[in-house]
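Report on the following structure.
There are 2 protein chains.
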Amino acid sequence: MNIELDATDGSARAGVVRTSRGLLRTPVFMPVGTRGAVRGLSSADLEDLDVQVVLANTYHLMLRPGPEIVAKLGGLHGFMDWSGHVLTDSGGFQIFSLEPNIDEDGAVFRSTYDGSTHRLTPESAVAHQGLLGADIQMVLDVCARLPAPRTEIVDAMERTARWAERGRAAFLDPSVATPAGQAQFGIVQGGVDPDLRAQSAARTVDVGFDGYAIGGLSVGEPRAEMVPALEAATAQLPVDQPRYLMGVGDPAGLVEGVANGVDMFDCVLPSRLARHGTLLTSTGRLNLRNARWADDAGPIDEKCSCAVCGRWSKGYLRHLLAVHELTAARLLTLHNLSWLLEFTRGMRAAIVAGTFQDFRTEVLTRWG
Amino acid sequence: MNIELDATDGSARAGVVRTSRGLLRTPVFMPVGTRGAVRGLSSADLEDLDVQVVLANTYHLMLRPGPEIVAKLGGLHGFMDWSGHVLTDSGGFQIFSLEPNIDEDGAVFRSTYDGSTHRLTPESAVAHQGLLGADIQMVLDVCARLPAPRTEIVDAMERTARWAERGRAAFLDPSVATPAGQAQFGIVQGGVDPDLRAQSAARTVDVGFDGYAIGGLSVGEPRAEMVPALEAATAQLPVDQPRYLMGVGDPAGLVEGVANGVDMFDCVLPSRLARHGTLLTSTGRLNLRNARWADDAGPIDEKCSCAVCGRWSKGYLRHLLAVHELTAARLLTLHNLSWLLEFTRGMRAAIVAGTFQDFRTEVLTRWG
Chain A
279 MNIELDATDG SARAGVVRTS RGLLRTPVFM PVGTRGAVRG LSSADLEDLD
329 VQVVLANTYH LMLRPGPEIV AKLGGLHGFM DWSGHVLTDS GGFQIFSLEP
379 NIDEDGAVFR STYDGSTHRL TPESAVAHQG LLGADIQMVL DVCARLPAPR
429 TEIVDAMERT ARWAERGRAA FLDPSVATPA GQAQFGIVQG GVDPDLRAQS
479 AARTVDVGFD GYAIGGLSVG EPRAEMVPAL EAATAQLPVD QPRYLMGVGD
529 PAGLVEGVAN GVDMFDCVLP SRLARHGTLL TSTGRLNLRN ARWADDAGPI
579 DEKCSCAVCG RWSKGYLRHL LAVHELTAAR LLTLHNLSWL LEFTRGMRAA
629 IVAGTFQDFR TEVLTRWG
Chain B
279 MNIELDATDG SARAGVVRTS RGLLRTPVFM PVGTRGAVRG LSSADLEDLD
329 VQVVLANTYH LMLRPGPEIV AKLGGLHGFM DWSGHVLTDS GGFQIFSLEP
379 NIDEDGAVFR STYDGSTHRL TPESAVAHQG LLGADIQMVL DVCARLPAPR
429 TEIVDAMERT ARWAERGRAA FLDPSVATPA GQAQFGIVQG GVDPDLRAQS
479 AARTVDVGFD GYAIGGLSVG EPRAEMVPAL EAATAQLPVD QPRYLMGVGD
529 PAGLVEGVAN GVDMFDCVLP SRLARHGTLL TSTGRLNLRN ARWADDAGPI
579 DEKCSCAVCG RWSKGYLRHL LAVHELTAAR LLTLHNLSWL LEFTRGMRAA
629 IVAGTFQDFR TEVLTRWG
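The listed protein sequences derive, respectively, from chains A and B. Counting the first sequence from 1 gives a position; the working numbering is that position plus 278. Counting the second sequence from 1 gives a position; the working numbering is that position plus 278.
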């Protein structure tokens with residue numbers, strides 16, 4: 279998997295990734311469809327939003343309904359009836375939050391659904407994701423929870439490198455079924471230490487993947503610590519392959535990621551914020567729970583071209599939110615996702631126009 | 279408000295009601311948008327479903343956000359951005375389930391939202407619904423909870439008749455603001471006693487409304503008790519005005535209502551069933567929670583032309599339901615409503631074709 283660069287502006291890149299499914303224009307934001315659906319939305323909604331790629335969570339789908347059932351129903355594309363791209367994570371991130379038993383072979387964890395015990399290894403992560411059938415799968419990594427002692431971060435990074443070799447070997451093993459055209463990304467770890475990040479990136483590139491993700495950042499550390507670690511990692515990554523910063527989806531985080539040469543992002547933030555009534559707008563965050571909006575006939579954002587802003591008032595949407603109508607979660611998620619996707623397209627346009635540095639300054643002033 | 283009958287088949291009627299907003303083709307099923315939205319859906323969805331008229335609940339809307347705010351935001355049509363018809367209930371049905379203090383003037387009840395005390399009278403019900411701005415408002419009635427002693431049912435019926443006069447007078451009072459073109463329906467009570475139903479119907483017709491509803495049925499009594507009460511009521515109602523059986527929305531109840539000359543129906547059943555995974559299909563009810571559907575690639579109903587059946591499998595929808603995804607509630611509600619609206623159009627077509635009795639027999643065999 280390669281990325282062709284249409285334009286660059288500093289380290290920021292506007293690119294195109296050609297896959298067997300079609301084109302991915304970058305920078306790209308991937309909404310999170312944890313269990314095979316973005317919360318409250320359907321694949322028809324994702325089409326209306328011009329979503330290019332959805333992320334689905336292997337941890338959840340391996341437990342419910344199970345990768346075999348997803349495979350039987352046509353993989354995630356058939357299951358969701360979605361002809362856009364899909365990326366699956368490895369399941370590692372969720373599992374590490376469950377405090378699993380980890381040894382060199384893999385991780386043993388308990389299901390949050392029924393308490394049953396499961397083992398995930400670099401090899402089984404490949405097999406599960408093969409069955410889920412996404413366009414891009416992620417290697418199983420080890421994510422130290424920050425802040426952590428340096429030895430712990432080093433150990434996680436070292437094991438990540440060893441697991442990367444095993445994961446890649448399993449992916450390339452012809453006896454392990456992965457769909458034709460499926461790609462696999464490696465993951466860089468190393469905490470907020472630029473040296474460890476550079477080292478992790480170099481070792482991951484040595485293994486050789488179709489693209490490279492930066493994991494374990496944006497987990498609560500200050501942006502001033504995140505950016506040098508990110509810079510150190512991307513400096514080691516091949517220019518002609520896609521780069522993905524995991525778990526970042528706030529406007530300032532996106533613009534800093536792009537400024538440091540990242541192409542792909544995912545985050546639950548826009549949909550989670552929406553369900554709590556916090557909306558992304560051209561003038562900053564808007565808290566729709568505020569009583570001042572109760573009789574407001576205007577849209578969430580005068581400058582937004584989404585279907586929700588074109589049709590319903592802040593007063594109506596605030597009411598639906600206040601009385602816990604399901605419709606509120608859906609409509610506000612549609613707005614936030616639409617807004618963030620348009621924001622991401624705006625970054626791409628600014629890179630192509632050579633005005634990305636101005637765009638970045640403006641975003642950091644409003645959202646930083 | 280008049281109804282023109284396109285066709286009749288026995289007592290069943292296929293009609294057209296012309297309003298300032300457009301046409302209502304009957305029999306018609308009205309989805310319930312309790313708080314200004316059918317749960318999980320938007321007015322855009324209602325348009326896609328070819329919904330003709332939505333019911334909204336005065337009780338809920340008078341408490342949240344309040345009729346003044348709805349009025350300020352353009353009445354229910356502006357609030358919801360919905361150009362189809364709207365009918366509001368009087369608020370009475372919900373209030374009587376809260377065991378209010380009732381006297382001849384009205385009912386004092388406590389809000390389920392914050393415990394605050396409110397008074398609803400036949401006159402204030404008119405004023406609230408005037409502000410909500412629906413196309414059809416309902417008079418405030420007194421609904422005895424069945425089974426009840428005969429004296430209680432008679433008392434409720436008598437008070438309903440006195441309140442009907444007050445409600446109609448308030449509606450016709452030029453000093454009370456009601457939107458141009460708004461209609462008002464009376465409500466027939468009388469429990470399951472055909473004599474009381476006939477008496478209540480005659481007295482309601484004496485007051486003179488734009489249409490007539492039958493309230494207080496389908497509240498748990500056997501169908502064999504409901505039907506004679508319904509027949510006794512409709513026999514007293516003018517042929518050229520619309521008739522509305524409140525709270526009925528199961529296929530057998532609809533077909534029996536239509537067979538007894540009813541034109542309009544509302545019910546939360548299709549959306550409530552959907553949220554619990556019970557689906558209406560051409561072969562009867564389907565419980566999507568059943569494990570047998572886990573890997574089923576087929577649609578909910580092979581014969582259904584709805585957007586959900588056209589696109590997603592039972593396996594996928596069952597998964598979304600099992601893991602409590604909001605998307606499940608939405609998609610299953612879309613199916614059930616679409617199915618029931620199509621069923622209602624099927625009743626109309628059968629009346630026009632003169633085959634309604636066969637249709638009725640088939641429905642009662644499957645759903646009775």
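Ideal Cβ placement from N, Cα and C applies to all residues, glycine included.
is_contact[residue i, chain B] using C-beta, thresh 7 angstroms
i, result
"Trp355 (chain A)", "The identity of residue 355 (chain A) in the sequence shown is His, whereas the question assumes Trp. For His355 (chain A), the answer is no, since every Cβ of chain B falls outside 7 angstroms of its Cβ."
"Pro256 (chain A)", "Outside the shown range of chain A, which is 279 to 646, sits residue 256 (chain A), and nothing can be said about it."
"Tyr337 (chain A)", "no"
"Val454 (chain A)", "no"
"Val601 (chain A)", "yes"
CB contact below 7 angstroms: residue i versus chain A
i, result
"Leu598 (chain B)", "yes"
"Ile347 (chain B)", "yes"
"Lys350 (chain B)", "yes"
"Ala315 (chain B)", "yes"
"Ala530 (chain B)", "no"
"Val310 (chain B)", "no"
"Gly370 (chain B)", "no"
"Ala552 (chain B)", "no"
"Gly522 (chain B)", "Note that residue 522 (chain B) is Tyr in the sequence shown here, rather than Gly. Chain A, which has no Cβ nearer than 7 angstroms to the Cβ of Tyr522 (chain B), makes this no."
"Gly593 (chain B)", "yes"
Span of the alpha helix (DSSP H) around residue i
i, result
"Met358 (chain A)", "353-358"
"Thr643 (chain B)", "634-645"
"Phe621 (chain A)", "604-631"
"Ile431 (chain B)", "428-450"
"Ile373 (chain A)", "370-374"
"Tyr594 (chain B)", "592-600"
"Ala322 (chain A)", "321-326"
"Ala476 (chain B)", "472-485"
"Leu424 (chain B)", "Looking at the DSSP string, Leu424 (chain B) is not in any alpha helix (DSSP H), and its letter there is neither H nor E."
"Tyr337 (chain B)", "336-341"
Bridge partners - residue i, DSSP secondary structure assignment
i, result
"Phe307 (chain A)", "A:Phe543"
"Val386 (chain B)", "B:Asn379, B:Arg397"
"Thr556 (chain A)", "A:Asn565"
"Glu509 (chain B)", "Glu509 (chain B) pairs with nothing; no bridge assigned."
"Gly300 (chain B)", "B:Thr297"
"Asp287 (chain A)", "A:Ala290"
"Ile347 (chain B)", "Partner(s): none; Ile347 (chain B) has no beta bridge."
"Val331 (chain A)", "A:His363"
"Ala491 (chain B)", "B:Ile465, B:Tyr522"
Proximal residues of chain A, C-beta to C-beta of residue i below 7 angstroms
i, result
"Val546 (chain B)", "Ordered by position in chain A, no residue passes the 7 angstroms Cβ test against Val546 (chain B), which lies about 14 angstroms from the chain."
"Pro343 (chain B)", "Ala572, His597"
Closer than 6 angstroms: residue i CB and nearest the ligand COA heavy atom
i, result
"Ser298 (chain B)", "Within the structure as shown, the ligand COA is missing, as the structure has no ligands at all."
Per-residue contacts from residue i into chain A (C-beta, under 9 angstroms)
i, result
"Arg608 (chain B)", "Gly318, Leu319, Ser320, Leu604, Thr605, Arg608"
"Ala575 (chain B)", "Lys350, Leu351, Gly352, Gly356"
"Tyr490 (chain B)", "Correct list: empty, because the minimum Cβ distance to chain A is about 31 angstroms."
Beta strand (DSSP E) segment containing residue i, residue limits
i, result
"His363 (chain A)", "363-366"
"Arg563 (chain A)", "562-565"
"Gly293 (chain A)", "290-296"
"Arg521 (chain B)", "521-523"
"Gln415 (chain A)", "414-416"
"Val466 (chain B)", "461-466"
"Gly535 (chain A)", "Segment 529-537 is the alpha helix (DSSP H) holding Gly535 (chain A); no beta strand (DSSP E) there."
Cβ distance (whole Å) where residue i is taken to contact residue j below 8 angstroms
i, j, result
"Arg596 (chain B)", "Ala631 (chain B)", "In fact, because the Cβ distance is near 37 angstroms, the residues do not count as touching under 8 angstroms."
"Ile578 (chain B)", "His602 (chain B)", "Not really, about 19 angstroms apart at Cβ, beyond 8 angstroms."
"Thr274 (chain A)", "Ile281 (chain A)", "Coverage of chain A is limited to positions 279 through 646, which leaves residue 274 (chain A) absent and any answer about it impossible."
"Ala476 (chain A)", "Gln514 (chain A)", "5 angstroms"
"Gly527 (chain B)", "Pro548 (chain B)", "6 angstroms"
"Gly318 (chain B)", "Thr611 (chain B)", "5 angstroms"
"Leu365 (chain A)", "Asp413 (chain A)", "7 angstroms"
Chain B residues whose Cβ lies nearer than 7 angstroms to that of residue i
i, result
"Trp664 (chain A)", "Limits of chain A in this structure are 279 at one end and 646 at the other, which puts residue 664 (chain A) out of reach."
"Gly260 (chain A)", "In the structure as shown, chain A begins at 279 and stops at 646. Residue 260 (chain A) is therefore absent and cannot be evaluated."
Beta-carbon neighbours of residue i, restricted to chain A and to distances below 8 angstroms
i, result
"Val295 (chain B)", "The contacting residues do not exist; Val295 (chain B) stays about 27 angstroms from chain A at best."
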